[in-house]
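**Student:** Structure provided below as structure tokens; questions to follow.
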Amino acid sequence: MKFMAQIEFLRHMALVSLIVLILCTTASPIFASKNCDFPAIFNFGASNSDTGGLDAAFAALSLPYGETYFHRSTGRFSDGRIIIDFI
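Residues -32 to -1, 1 to 55 in mature numbering (1 follows the signal peptide of the UniProt record, and there is no 0) are what the sequence shown lists, from first letter to last.
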């Protein structure tokens, strides 16, 4: 009996997931906004970004200094690109 309830639950979850997937893929062009037209983005730092501001007070004393992607020291504690680089 418990097995049949689990199967029924999985069936309902699959159906709900399919409906959400269809709604997300068809609704995105409808609600998409026009291209953003702004000159700059100011990021003051957060847990998902390493803008190098901490380096002004406390230098990054160990590798990688952000050198792998940019091929020069960026003053970042992280290596490579971060989210703000893609925006």
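Even for Gly, the Cβ is constructed at its ideal location relative to N, Cα and C.
Going straight from the alpha carbon of E(-25) to that of S(-16), what length do you get?
**Tutor:** Between E(-25) and S(-16), the C-alpha separation is close to 14 Å.
**Student:** So, with DSSP's three-state summary, where would you put D5?
**Tutor:** Three-state DSSP puts D5 in coil, outside helix and strand.
**Student:** Please classify F(-30): does DSSP put it in a helix, a strand, or coil?
**Tutor:** Three-state result, F(-30): helix.
**Student:** If you reduce the DSSP assignment to three classes, tell me which class F(-24) lands in.
**Tutor:** Reduced to three states, the DSSP call for F(-24) is helix.
**Student:** Just checking my contact of I55 with I9 at CB under 8 Å: how many whole Å lie between their CB atoms?
**Tutor:** Indeed, because the Cβ distance is near 6 Å, the residues count as touching under 8 Å.
**Student:** In terms of residue numbering, what span does the alpha helix (DSSP H) encompassing I55 cover?
**Tutor:** Careful: I55 lies outside any alpha helix (DSSP H) and carries neither H nor E.
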